[in-house]
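Enquirer: Sharing a structure below in structure tokens format, with a few things to ask.
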Amino acid sequence: MGSLSDPPPPLHYPLARRDCSVVDDYHGVLVSDPYRWLENPDFEETKAFVEAQAALTDSVLVECGERERLREQITNLFDHPRYQTPFKRGGKYFYFHNSGLQAQSVLYVQSDLDSEAEVLLDPNARREDGTVALSSVSISRDGKYLAYGLSLSGSDWVTIKVMRIDDKMPEPDTISWVKFSSISWTDDGNGFFYGRYPAPKEGGDVDAGTETDINLNHQLCYHFLGTDQSEDVLCWKDPENPKYFFDTIVTEDGKYVTLAISEGCDPVNKLYYCDLSTLSGGLHVLKGSKDMLPFVKLVDNFEARYYLVANNDTEFTFLTNKESPRYKLVRVDLNKPEIWSDVLPEDQNDVLESAYAVNGNQLLVCYLSDVKHILQIRDLKTGQLLHNLPIDIGTVTGISGKRKDAEIFIGFTSFLTPGIIYKCNLSSEAPEMKVFREVSVPGFNRDDFCAEQVFVSSKDGTKIPIFIVSRKDIILDGSHPTLLYGYGGFNLSQTPTFSVGQIVLARNLGFVFCIVNIRGGGEYGEEWHKSGSLSKKQNCFDDFIAASEFLISTGYTNSGRLCIEGRSNGGLLIAACINQRPDLFGCAIAHVGVMDMLRFHKFTIGHAWTSEYGCSDKKDEFQWLFKAQNPLLAKADSKLSPYTNIHPKFTRYSWMMQHMAAEKDPLIRYSPLHNVTRPWEKSSDSSSQYPPTMLLTADHDDRVVPLHSLKLLAIDEAADRYGFAAKIMGVSWND
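In the UniProt record's numbering, the protein residues as written are 1 to 735.
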């Protein structure tokens with residue numbers, strides 16, 4: 001924790017053993033990693049450290065006076081019925097519903113929209129603590145079978161099960177070690193494609209999600225209903241490229257299966273296809289054979305992303321960013337693979353996020369325009385605009401509809417709209433958006449709040465959008481506690497959504513809630529994404545800092561009352577920003593952050609993130625991650641033995657920090673773990689102290705493995721973290 005005007009009693013942190021013998025050589029730079037032992041979650045010393053950190057956290061949280069009232073109010077507001085967009089398969093309708101406080105939403109089925117819905121699958125019944133998540137569902141095209149994926153305690157590992165829909169009886173099929181996979185049924189309903197990795201360890205029981213082994217050698221398999229997984233057909237693998245992973249789509253006509261091959265998290269993929277109708281005897285001919293599916297290579301490079309939208313026999317339509325960073329629709333005939341044509345060209349301003357073939361030969365397209373969604377109906381053949389579908393300023397949360405269907409469903413939300421599902425009949429001359437279901441939250445009145453979007457200039461002059469949500473008619477006197485949330489990575493867009501926790505913060509604690517759309521996300525297309533990744537990652541931190549300074553300079557808040565929050569890549573953002581500008585923030589909350597930028601690629605699926613961050617194994621990219629190139633680095637090396645870096649009291653970097661002011665050359669910090677500074681080494685100015693900080697991780701998070709946060713701190717959730725923020729910033733409750 002950091003310094004406050006009225007600081008809490010000193011905390012007695014658990015001692016963490018420093019093993020100064022662990023030193024890595026990165027391209028001639030020796031880097032100490034004295035807490036390497038924390039990478040092993042099964043190590044008894046790691047477990048003891050986690051328990052001690054959790055106990056310390058509990059001792060702080062118990063003193064957070066508003067914690068229980070926050071928990072009560074969030075619980076009360078969250079206790080309302082919620083629905084997801086319904087979808088149709090085999091003449092039946094399916095949808096997810098949560099009655100209010102259920103840990104997981106329940107899957108329902110009904111024969112038509114007027115009939116009584118029945119529970120098809122309730123994941124809450126699998127464990128009383130609600131830690132079994134229904135991670136994916138896929139209905140066979142005839143509506144007879146449900147294949148569903150279950151994950152435990154937040155793990156990315158999935159086990160696929162199968163159920164008969166009519167009598168809701170389980171089938172014996174169990175598919176294990178599935179990760180980052182869709183479930184794609186073939187048209188005959190005999191089985192489905194899925195992706196898996198080899199089991200992390202040979203022999204013994206493995207608690208999936210707690211292991212940190214790197215995920216390599218993804219495989220595309222096909223499972224026949226009623227058979228053991230050991231009999232599944234291996235459809236594709238690439239042992240020469242162990243970091244590749246695969247995903248499939250079976251075309252709506254059932255004739256083709258497309259294979260998308262990816263290596264990292266960049267929006268690029270290779271694209272192959274297989275004509276299933278050419279397999280004499282179907283996929284059964286591959287059972288017991290060493291032959292894989294005879295895929296044809298349509299695109300065999302990683303220059304762009306291609307996503308299947310529709311096909312008319314051999315004529316395929318794809319969504320792509322090929323030479324179009326804001327995306328477009330293109331068409332190719334498999335018989336003339338060298339000829340590609342634009343169906344819907346790239347828009348000059350807006351990002352084409354998705355496209356669906358519906359109602360015969362129509363397209364439902366969704367654009368992102370200044371971080372707000374726009375819906376249009378267009379002609380599938382020509383791309384011509386037919387209708388604009390009116391929606392409010394906000395986010396489309398779901399679209400369902402098939403090419404054979406004139407009926408579509410659209411889910412919508414915004415900061416002040418808990419949720420609406422629209423039903424639209426496209427067969428009418430002028431399609432009308434009719435409210436099918438609307439979520440109501442007892443005790444919430446949207447008229448009490450206001451939401452606006454502003455644009456601020458970042459360090460290099462780039463305009464950065466910020467959404468600001470607050471109670472109406474607040475006075476901008478710099479007194480308001482403010483929560484600023486950011487992400488900025490992996491081409492993901494942060495669009496307006498309803499949050500009970502944020503509403504409670506605004507209503508009862510007077511918070512201003514803000515989301516800043518920094519570079520690295522997908523809000524303005526691939527150029528926006530690239531300008532916040534790899535060597536340009538510093539732009540993300542500059543954007544976030546600029547947003548923070550705007551909120552202070554315009555009178556929303558002051559540095560002592562500005563709390564910042566981020567998750568995963570956003571956790572990295574928060575940690576980097578408190579390293580670079582600790583004086584700017586009053587409180588920081590980082591969820592499951594990627595903190596060790598030199599070693600993240602060595603664990604589970606971390607290697608896929610090197611397309612976003614770079615990799616310390618490469619000299620130039622190491623410079624981005626560890627320390628940006630700085631003349632003082634060379635000067636420090638000339639003054640000190642490189643082995644000084646392992647000394648716990650004095651390092652080559654502390655030498656640089658002592659000389660930074662004299663050199664007037666700012667040190668740009670990036671990898672959070674390697675840029676933690678001792679405030680007493682920087683100056684005697686109290687503004688250099690870190691803000692009070694909460695780090696959260698999860699013991700079954702195998703995507704951002706816990707070691708990233710264990711190397712800095714540890715653990716818990718909503719009322720806890722916001723109660724912590726309220727305590728730190730001296731905020732009192734208002735009914």
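Beta carbons are placed, not taken as given, at the ideal position from N, Cα and C, and that holds for glycine. Bear in mind the structure is a predicted one, so any value in this text is a computation, not a measurement.
In terms of alpha-carbon separation, which member of Asn-98, Arg-69 and Tyr-244 lies closest to Asn-264?
Expert: Locating residue 264 in the sequence shown gives position 264, counting from the first residue. Per the sequence presented here, residue 264 reads as Gly, with Asn not at that position. Ranking the options by Cα distance to Gly-264, first place goes to Tyr-244.
Enquirer: How many angstroms separate the CA atom of Lys-92 from the CA atom of Arg-164?
Expert: Residue numbering aside, residue 92 sits at position 92 when the sequence shown is read from its first letter. Residue numbering aside, residue 164 sits at position 164 when the sequence shown is read from its first letter. Looking at the two C-alpha atoms, the distance is approximately 14 Å.
Enquirer: For His-708, count the other beta carbons within 10 Å of its own beta carbon; 16 or more makes it buried, fewer makes it exposed. Which is it?
Expert: In the sequence shown, residue 708 corresponds to position 708, counting from 1. Note that His-708 has pLDDT 46, beneath the 50 cutoff, so the model's placement of it is unreliable and no number is given.
Enquirer: Identify every residue that forms a DSSP beta bridge with residue 737.
Expert: Examination of residue 737 is not possible in this model, given that the chain is present from 1 through 735 alone.
Enquirer: Hey, quick one: how far does the alpha helix (DSSP H) through Leu-625 stretch, first residue to last?
Expert: Indexing the sequence shown from 1 puts residue 625 at position 625. Taken as a continuous stretch (DSSP letters only), the alpha helix (DSSP H) holding Leu-625 covers 619-625.
Enquirer: Is Asp-173 buried or exposed, if buried means 16 or more other CB atoms sit within 10 Å of its CB?
Expert: The residue you call residue 173 lines up with position 173 of the sequence shown. Flag for Asp-173 reads buried.
Enquirer: For the segment 73-86 and the segment 429-440, state whether three or more C-beta atom pairs, one from each stretch, are separated by less than 8 Å.
Expert: Touching, yes.
Enquirer: How is Cys-20 classed by DSSP in three states: helix, strand or coil?
Expert: By one-based count along the sequence shown, residue 20 stands at place 20. Three-state DSSP puts Cys-20 in coil, outside helix and strand.
Enquirer: Please name the residue, chosen from Ile-261, Gly-520 and Cys-615, that lies closest to Gln-538 on a Cα-to-Cα basis.
Expert: What you label residue 538 is simply residue 538 of the sequence shown in a count that begins at 1. Of Ile-261, Gly-520 and Cys-615, the residue nearest in Cα terms is Gly-520.
Enquirer: Which same chain residues end up closer than 6 Å to Ile-728 when comparing Cβ atoms and leaving out the 5 residues on each side of it in sequence?
Expert: Along the sequence shown, read from residue 1 onward, the residue named residue 728 stands at position 728. Excluding residues within five positions, the ones whose Cβ falls inside 6 Å are Cys-587 and Pro-692.
Enquirer: Taking contact to mean 3 or more Cβ pairs, one atom from each stretch, closer than 8 Å, check whether the segment 255-271 and the segment 142-160 are in contact.
Expert: The segment 255-271, when compared against the segment 142-160, does not touch it at the 8 Å Cβ threshold.
Enquirer: How far does the beta strand (DSSP E) with His-387 in it extend, from its first residue to its last?
Expert: For the purposes of this step, residue 387 is taken as residue 387 along the sequence shown, with counting starting at 1. Looking at the DSSP string, the run of the beta strand (DSSP E) that includes His-387 is 385-389.
Enquirer: Does the distance from the CB of Arg-378 to the CB of Val-365 come in under 8 Å?
Expert: Within the sequence shown, numbered from 1, the residue matching residue 378 stands at position 378. Within the sequence shown, numbered from 1, the residue matching residue 365 stands at position 365. The answer is yes: Cβ separation under 8 Å.
Enquirer: Look at the alpha carbon of Ile-468 and the alpha carbon of Gly-443, and state the distance between them as a whole number of angstroms.
Expert: The sequence position of residue 468 within the sequence shown is 468, counting from 1. The sequence position of residue 443 within the sequence shown is 443, counting from 1. Rounded to whole angstroms, Ile-468 to Gly-443 spans 21 Å at the Cα level.
Enquirer: Can you list the beta strand (DSSP E) stretches of 3 or more residues lying completely in the segment 413-453, in chain order?
Expert: Counting only runs of 3 or more, we get 417-425 and 433-438.
Enquirer: Terminal residues of the continuous alpha helix (DSSP H) containing Glu-45?
Expert: Walking along the sequence shown from the start, residue 45 turns up at place 45. Note, Glu-45: alpha helix (DSSP H), 44-61.
Enquirer: Is it right to say Met-169 is buried, meaning 16 or more other beta carbons lie within 10 angstroms of its own, or is it exposed?
Expert: In the sequence shown, counting from the first residue as 1, residue 169 sits at position 169. Label assigned to Met-169: exposed.
Enquirer: Please report how far the alpha carbon of Phe-78 lies from the alpha carbon of Tyr-487, in whole angstroms.
Expert: Within the sequence shown, the letter at position 78 stands for residue 78. Within the sequence shown, the letter at position 487 stands for residue 487. In a straight line, the C-alpha of Phe-78 is about 24 Å away from that of Tyr-487.
Enquirer: Tell whether a beta-carbon distance below 8 Å holds between Ile-391 and Gly-401.
Expert: Mapped onto the sequence shown, residue 391 falls at position 391. Mapped onto the sequence shown, residue 401 falls at position 401. Result no, Cβ atoms of Ile-391 and Gly-401 do not sit closer than 8 Å.
Enquirer: When you compare only the Cα positions, how much space is there between Leu-710 and Cys-20?
Expert: Counting from 1 along the sequence shown, the entry for residue 710 is found at position 710. Counting from 1 along the sequence shown, the entry for residue 20 is found at position 20. Bear in mind that a pLDDT of 42 at Leu-710, under 50, signals an unreliable position, so the model cannot answer this.
Enquirer: Between which two residues does the beta strand (DSSP E) containing Trp-236 stretch?
Expert: Here residue 236 refers to the residue found at position 236 when the sequence shown is read from its first residue. 233-236 is the extent of the beta strand (DSSP E) around Trp-236.
Enquirer: Any idea what DSSP makes of Arg-67, helix, strand or coil?
Expert: Taking the sequence shown and counting its residues from 1, the one referred to as residue 67 is at position 67. Here Arg-67 sits in helix by DSSP.
Enquirer: Among Trp-733, Glu-39 and Ser-135, which has the Cα closest to the Cα of Arg-507?
Expert: Locating residue 507 in the sequence shown gives position 507, where the first residue counts as 1. It is Trp-733.
Enquirer: Compute the Euclidean distance between the alpha carbons of Arg-446 and Arg-471, then round it to the nearest angstrom.
Expert: Locating residue 446 in the sequence shown gives position 446, counting from the first residue. Locating residue 471 in the sequence shown gives position 471, counting from the first residue. Computed Cα separation, rounded: 10 Å.
Enquirer: Which of the three DSSP states is assigned to Arg-305 in this structure?
Expert: Start at 1 with the first residue of the sequence shown, and residue 305 comes out as number 305. In the structure shown, Arg-305 sits in coil (DSSP, three-state: anything other than H, G, I, E or B).
Enquirer: Quick test of the definition: if touching needs 3 or more C-beta pairs under 8 Å, does the segment 181-195 touch the segment 242-259?
Expert: With the cut-off at 8 Å, the segment 181-195 and the segment 242-259 touch.
Enquirer: Does DSSP put Gln-348 in a helix, in a strand, or in coil?
Expert: If you number the sequence shown from 1, residue 348 lands on position 348. Three-state DSSP puts Gln-348 in coil, outside helix and strand.
Enquirer: According to DSSP, Asp-342 sits in a beta bridge with which residue or residues?
Expert: As a working note, residue 342 is residue 342 in the sequence shown. DSSP output for Asp-342 lists Val-330 as bridge partner(s).
Enquirer: Looking at C-alpha atoms only, which residue of Leu-329, Gln-348, Asn-349 and Leu-334 is the closest neighbour of Asp-342?
Expert: Locating residue 342 in the sequence shown gives position 342, where the first residue counts as 1. Taking only the C-alpha atoms, the option nearest Asp-342 is Leu-329.
Enquirer: Assuming Arg-67 and Gly-723 are in contact, meaning their beta carbons sit under 8 Å apart, how far apart are those beta carbons, in whole angstroms?
Expert: Along the sequence shown, read from residue 1 onward, the residue named residue 67 stands at position 67. Along the sequence shown, read from residue 1 onward, the residue named residue 723 stands at position 723. Confirmed, Cβ separation roughly 3 Å.
Enquirer: If you check the beta carbons only, do Ile-464 and Ala-546 fall under 8 Å apart?
Expert: For this step, residue 464 is matched to residue 464 along the sequence shown. For this step, residue 546 is matched to residue 546 along the sequence shown. Yes.
Enquirer: How many Å lie between Tyr-256 and Gly-90 at the Cα?
Expert: Reading the sequence shown from its first residue, position 256 is the one you call residue 256. Reading the sequence shown from its first residue, position 90 is the one you call residue 90. Going from the Cα of Tyr-256 to the Cα of Gly-90 covers about 20 Å.
Enquirer: How big is the Cα-Cα spacing for Leu-584 and Leu-551?
Expert: Here residue 584 refers to the residue found at position 584 of the sequence shown. Here residue 551 refers to the residue found at position 551 of the sequence shown. Distance between the alpha carbons of Leu-584 and Leu-551 is about 11 Å.
Enquirer: Could you give the first and the last residue of the continuous beta strand (DSSP E) run that contains Cys-514?
Expert: Against the sequence shown, residue 514 aligns to sequence position 514. Run containing Cys-514: 512-516, per the beta strand (DSSP E) assignment.
Enquirer: Please determine, among Trp-340, Pro-337, Gln-348 and His-373, the residue with the shortest C-alpha to C-alpha distance to Ser-354.
Expert: Position 354 of the sequence shown, counted from the start, is the residue given in the question as residue 354. Ser-354 has its Cα closest to that of His-373, out of Trp-340, Pro-337, Gln-348 and His-373.
Enquirer: Just verifying my parser: in three-state terms, what is the DSSP assignment at Tyr-556?
Expert: Translated into positions along the sequence shown, residue 556 becomes position 556. Coil at Tyr-556, not helix or strand.
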